[in-house]
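Protein chains: 2
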Amino acid sequence: MKIAVSQINVTIGDFAGNTAKIIEQSRWAEKEGADLIVFPELTVCGYPPKDLLEKHSFIKANLEAVEKIAKSSGKTAIIIGYVSVNESSNGRPLFNSVGVLQGGRIKYVQHKTLLPQYDVFDEARYFEPAKKHELVEIAGRKVGLTACEDLWSAHQFAGRRLYHDDPAKVLSEAGADLIINLSASPYTIGKQKLRRKLISEISSNYGVGVVYCNMVGGNDELVFDGRSFITNAKGQMVYEGKAFEEDSFIVDLDNLSEIAEPRDMPRMEEIRATLALGLQDYMHKCGFKKAVIGLSGGIDSAVVAAIACEAIGSRNVTGVLMPSEYSSKDSVEDAKILATNLGMHTSIVPIGEIFNAYKDTLDCSKDPKSVSVVEENLQARIRGNILMAVSNRDGALVLSTGNKSELSVGYCTLYGDMVGGFALISDIPKTMVYELARQINQGSIVIPENTIRKAPSAELRPNQKDQDSLPPYDKLDPIISAYVEERYGVNSIVEMGFERKLVEHIISMIDRNEYKRRQAAPGIKITSKAFGSGRRLPIARKYSEE
Amino acid sequence: MKIAVSQINVTIGDFAGNTAKIIEQSRWAEKEGADLIVFPELTVCGYPPKDLLEKHSFIKANLEAVEKIAKSSGKTAIIIGYVSVNESSNGRPLFNSVGVLQGGRIKYVQHKTLLPQYDVFDEARYFEPAKKHELVEIAGRKVGLTACEDLWSAHQFAGRRLYHDDPAKVLSEAGADLIINLSASPYTIGKQKLRRKLISEISSNYGVGVVYCNMVGGNDELVFDGRSFITNAKGQMVYEGKAFEEDSFIVDLDNLSEIAEPRDMPRMEEIRATLALGLQDYMHKCGFKKAVIGLSGGIDSAVVAAIACEAIGSRNVTGVLMPSEYSSKDSVEDAKILATNLGMHTSIVPIGEIFNAYKDTLDCSKDPKSVSVVEENLQARIRGNILMAVSNRDGALVLSTGNKSELSVGYCTLYGDMVGGFALISDIPKTMVYELARQINQGSIVIPENTIRKAPSAELRPNQKDQDSLPPYDKLDPIISAYVEERYGVNSIVEMGFERKLVEHIISMIDRNEYKRRQAAPGIKITSKAFGSGRRLPIARKYSEE
């Protein structure tokens, strides 16, 4: 049995484009003599469609696309994900479905049973779960069809199984020769290892091969990393597709011999690729060609600029240097060297005159020895305004450069350095920004050594250093990670070896700054818990972590 | 049987405060000889607790509070809502529970069965549904306990029943003498009529009285309007509690005679009360005492200022007038008259010098005849910066003044007039802002007639009027409402009698401005579909409504 797997990059709602891609790939599989071709979850409409699912016209366009693909189908079975309608008058209105299209028609439909409803996932908002999981015969084999979460029943989420049903078990016990899984599984650190382990255990426990097809591409906060793979009935991986790009491959299940080496990447290379793909797709799918970045000479903007140049080409990236009287000479120099290394445009817009006009109008003290919080924020906001003016003038997307550490504790100015349409590194802790910088500098120096070496500073008052206001990042970051990602309380974090007062102080800052994050630009999720749609907290509350 | 109902205003996570209030109210009921006292859904932790539910310490504090309340309980049964733990190793980790506390202990626990997962609701993210609904004996009666959505099974959501189970039916068929419902049902226009109808139908269909206790108070975007009520077995309402304030009352079920008049309010009065309570609670629960508003002389800021003065007292509200060369004399005068009428402080901060500094620095054209979008946005952003500077200086919350019409079509500047911690009227369409203004002016003129009469203008270039860029609001608003609230497509809206080109133009503006709304401040939901947590759309997509 020859199986084609096609991990494609679809755009949400682009029914014409997605359909054309699916038909083109299916023709290739047919030409190659494949018995079937597998696409990712919700191939036809893209993932996650969110509340677009509440539009009748969206569902209709999706069903028309399926009809069109079905009509184009020949001998090779096309296995796609799409949205179907729950014809019952009870229950949620839609199903997340897997369709088998063959010989010009829809041959079989299996709905998804397990609907994820944690972190960024909201599937129970729209979809009714399948009532049963049954086998379908394709090319003489009994095939079980599943969508993503359907194979995660055995997984422990924070120490428990979230689901009562287990489609893998049901299908195996019914005598499946093969299980196919259409996924839209977003990248997080270590996720591919987890997927391999989970699917491999299903394969070996039930003695059944699994074809796992994962989506590739960025959609707002999420980056799907592809890396579709196939396991044999012993749980061994016999093929793994490419990471972070479209890939199509054919495996003959009756002629399996080699065990595939996992295509692992060094962690920082992987994260860099995630950010580059996420940015590229966000811009492309939103219709932006150019980006603009405020270059401070610091490490955050340097890393954002380097990845932006990689993602969309340096000729499309402009750096704006906005020095003030508190900017060191080094900063301007470092930013210029970076831009030269990257081959990107820069412009210099000093903020002094505007800052003075504000101070004059607002009657601020003019004594530079006592720069108030008001004045610090004003400088950040002037820079934000300048970037937005450049954005308005050039039609360029502003990339904000704040990292996860800053965003966690609120060491950032709303409408100031938080300005931007996309927050590329908002899920990257400061210590990891350094790691990324070193990764980027492998081979040749792109980010000036001085940018990496010097103590981080917002340069909003004379001789300011981040460490005047914040604990050292090598203490801050593990505490943020424990609190935000692992959801540990104060006591558990203290048990990890941190001082109670420090832990309480950091957690209080994190909690207090929920309102800032609510107005932050979307950014790319790389950890198990990013700020954004996967972390939902009330702002008005009276609760201190104990 | 004497039933006390206590619709209280709790704060999310304020276990000490909420517990004290519950105990105090329970003592009152006991003193009055009530057999039981009913509180709203999730009384102990507040609603919606959102991802605070993922914190072990939060759940623990909530259980300790329940223990404390149980210990305090005597003869009167205390019926409260709280979060309990799913001890099974399968399924979601928590239950949304109703507890009966009596004689110093937890006597009975009933979990919620129907978990809403639409609009602003996310309960399936956290809670496992109850496996069964059973009766509990209280004061010799067989009582059925339900939480909110449990009684909404028969309701048609967009033409369909969302649920398969029906706790009201189960409990009635088991022989319930009485059904009690603990609710956290947020206000939307017309909601109370719907609640009365729904509960009345349950009562008359099953011949059983219902005690409906609804939460009161604001929590971020949601305002709970109280108006708890009791129906007799014929479906008649025998008592209705106050709207928009805490209220406690006792009804003797064995001595029912009078049929209660519904406490209906004129629509605009109701909406005004919603906004005032929502703002008051947001500020109080976030710890703010003072608010600051940019006063343009226009109707939006006038309505926001009037409601703010009502909510927190005019001595706590500051209006900042920020005229430019494009501001008419009228505007400044109107703003001053408004402030005088309201008795609020004002300050005047002209933006000319700052604007010139930007134009000079950014090398903008200085010809006033061709004010560019860049310059229009700059003015709005300068005003945003000034408001934030005042906020930083005075510790005051900035109230943004954008209405739903502007926010829909993106007729607002990100980081400019969208600046603020709370967007009081972001769910109020412009035409309704006028209705609110007339409501506020009932009795005596607060908002100057000129503010109401003149053509709306952003005053960002000479002689600018909203209607230069937008369709008239009396056409715009119904189309926005049809598209956003009713989720109609183009064709359906055209069938309502609007020109296709206009409909397509407006819908395209709405879709295109998703990115702005993603960074908007939270505002108060009053319609069936507000922007914010109840409307979740991808930004990167390629889909045009047909």
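Chains as they are written, first to last, in the numbering used here: chain Z, 58 to 603; chain E, 58 to 603.
Heads up, the beta-carbon is just placed ideally off N, CA and C, and yes, glycines get one too.
From which residue to which residue does the alpha helix (DSSP H) around V447(E) run?
Unbroken alpha helix (DSSP H) run through V447(E): 430-451.
Is it the case that the region 320-332 of chain E contacts the region 566-573 of chain E, given that we only count it when at least three CB pairs across the two stretches are under 8 Å?
Contact between the region 566-573 of chain E and the region 320-332 of chain E is absent, with fewer than three C-beta pairs closer than 8 Å.
Since I believe F555(E) is in contact with I581(E) (beta carbons under 8 Å), could you give me their beta-carbon distance rounded to a whole number of angstroms?
At roughly 28 Å, the Cβ-Cβ gap does not stay under 8 Å, so I581(E) and F555(E) are not in contact.
Going by DSSP in three states, F479(E) sits in which element: helix, strand or coil?
Under the three-state reduction of DSSP output, F479(E) falls in the strand class.
Just to make sure I have the definition right: I need the residues of chain Z whose C-beta is within less than 7 Å of the C-beta of L435(E). Which are they?
Those are N442, A446, listed as they occur along chain Z.
Cβ pair L255(Z), V95(Z) closer than 8 Å:
Their beta carbons are not under 8 Å apart, which means L255(Z) does not touch V95(Z) by this criterion.
Residues near V267(E) by beta carbon distance below 8 Å, same chain, minus five either side:
Cβ neighbours of V267(E) within its own chain (closer than 8 Å, five residues either side excluded): L208, L235, I236, I237, N238, I256, I259, S260, I287, T288.
Considering just the uninterrupted stretch of the beta strand (DSSP E) at I327(Z), what are its terminal residues?
It is Glu, not Ile, that sits at residue 327(Z) in the sequence shown. Counting along the chain, E327(Z) falls outside any beta strand (DSSP E), though it belongs to the alpha helix (DSSP H) covering 324-343.
My guess is that G376(E) and A392(E) are in contact by the Cβ rule of under 8 Å, so how many angstroms apart are they, rounded?
7 Å between Cβ atoms; contact.
Selected residue, minimal CA-CA separation from D71(Z), among V177(Z), S457(Z), V101(Z), I60(Z)
Minimum Cα distance to D71(Z) is reached at V101(Z).
Suppose the cutoff is 6 Å on Cβ atoms and the five residues either side in sequence are ignored; what does the same chain contact list for A127(Z) look like?
Closer than 6 Å at the Cβ level, and outside the excluded window around A127(Z), lie L158, R162, I163.
For the region 101-133 of chain E, enumerate the residues whose C-beta is nearer than 8 Å to any C-beta of chain Z, in chain order.
Those would be G103, P105, P106, K107, D108, L109, E111, K112, H113, S114, F115, A118, in chain order.
In whole angstroms, what separates the C-alpha of R518(E) from that of G354(E)?
If you take the alpha carbons of R518(E) and G354(E), they lie about 16 Å apart.
Using a Cβ-Cβ cut-off of less than 9 Å, list which residues of the region 516-533 of chain E approach chain Z; keep chain order.
Cβ contacts with chain Z come from no residue of the region 516-533 of chain E.
Below 6 Å CB to CB, which residues in the same chain sit around L301(E) once its five sequence neighbours on both sides are set aside?
With the sequence shown as reference, residue 301(E) is identified as Phe, and Leu is not the correct amino acid for it. Only D282, A330, L334 meet the Cβ criterion.
Should A86(E) go down as buried or exposed, given a rule of 16 or more other Cβ atoms within 10 Å for buried?
It is buried - the Cβ of A86(E) has at least 16 other Cβ atoms within 10 Å.
So with CB distances below 7 Å, who are the chain E contacts of N276(Z)?
Going along chain E in sequence order, the residues near N276(Z) (Cβ under 7 Å) are P595, A597.
Backbone CA spacing between A122(Z) and S538(E) [nearest angstrom]
So the alpha carbons of these two residues sit roughly 29 Å apart.
Taking 7 Å as the limit between beta carbons, can you name the residues of its chain near G409(Z), skipping five residues before and five after?
Excluding residues within five positions, the ones whose Cβ falls inside 7 Å are S381, E382.
Closest residue to Y139(Z) among L313(Z), L120(Z), N147(Z) (Cα-Cα distance)
Out of L313(Z), L120(Z), N147(Z), L120(Z) has the C-alpha closest to the C-alpha of Y139(Z).
With a cut-off of 8 Å, does the C-beta of C343(E) fall near any C-beta of chain Z?
For C343(E), the answer is yes, since a Cβ of chain Z falls inside 8 Å of its Cβ.
Would you decide whether Q174(Z) is buried or exposed? Buried here means 16 or more other CB atoms lie within 10 Å of its CB.
Q174(Z) comes out buried.
Can at least three beta-carbon pairs, one atom from the region 582-597 of chain E and one from the region 479-496 of chain E, be found at a separation below 8 Å?
Contact between the region 582-597 of chain E and the region 479-496 of chain E is present: three or more C-beta pairs spanning the two stretches fall below 8 Å.
8 Å is my cut-off, CB to CB: does Q293(Z) come that close to chain E?
No, its Cβ sits nowhere closer than 8 Å to a Cβ of chain E.
Identify, in the order they occur along the chain, each residue of the same chain with its Cβ nearer than 8 Å to the Cβ of P106(E), setting aside the five sequence neighbours on each side.
Correct list, in chain order: I69, G70, L99, F115, V140.
Whole angstroms are fine: how far does the CA of E492(E) sit from the CA of K248(Z)?
The alpha-carbon of K248(Z) is positioned some 54 Å away from that of E492(E).
Under 7 Å from the C-beta of G70(E): neighbouring residues of chain Z:
By Cβ distance, chain Z contributes R598, K599, Y600.
For N449(E), go through chain Z and note every residue whose CB falls closer than 7 Å to its CB, in chain order.
V430, V431, N434, listed in chain order.
Reduced DSSP secondary structure (H/G/I, E/B, other) of G283(Z)
Note: G283(Z) maps to strand in three-state DSSP.
When Cβ atoms are compared, which residues of the region 214-230 of chain Z fall closer than 9 Å to chain E?
Against chain E - using a Cβ distance shorter than 9 Å - the residues of the region 214-230 of chain Z are F214, A215, G216, R217, R218, L219, Y220, H221.
Any C-beta of chain Z sitting closer than 8 Å to the C-beta of S146(E)?
The beta carbon of S146(E) falls within 8 Å of a beta carbon belonging to chain Z, placing the residue at that interface.
Rounded C-alpha distance that separates A512(E) from V360(E):
One C-alpha to the other measures close to 16 Å.
Cβ neighbour criterion (16 or more within 10 Å) applied to G400(Z)
With fewer than 16 other Cβ atoms within 10 Å, it is exposed.
Using a Cβ-Cβ cutoff of less than 7 Å, which residues in the same chain neighbour A290(Z) once the five nearest sequence positions on both sides are dropped?
S260, G264, V265, G266.
Could you name the residues of the same chain whose beta carbon sits closer than 6 Å to that of Y244(E), not counting the 5 residues immediately before and after it, in chain order?
Around Y244(E): V280, D282, T331.
Measuring straight from C-alpha to C-alpha, what distance separates V490(Z) and S429(Z)?
V490(Z) and S429(Z) have their C-alpha atoms spaced approximately 29 Å apart.
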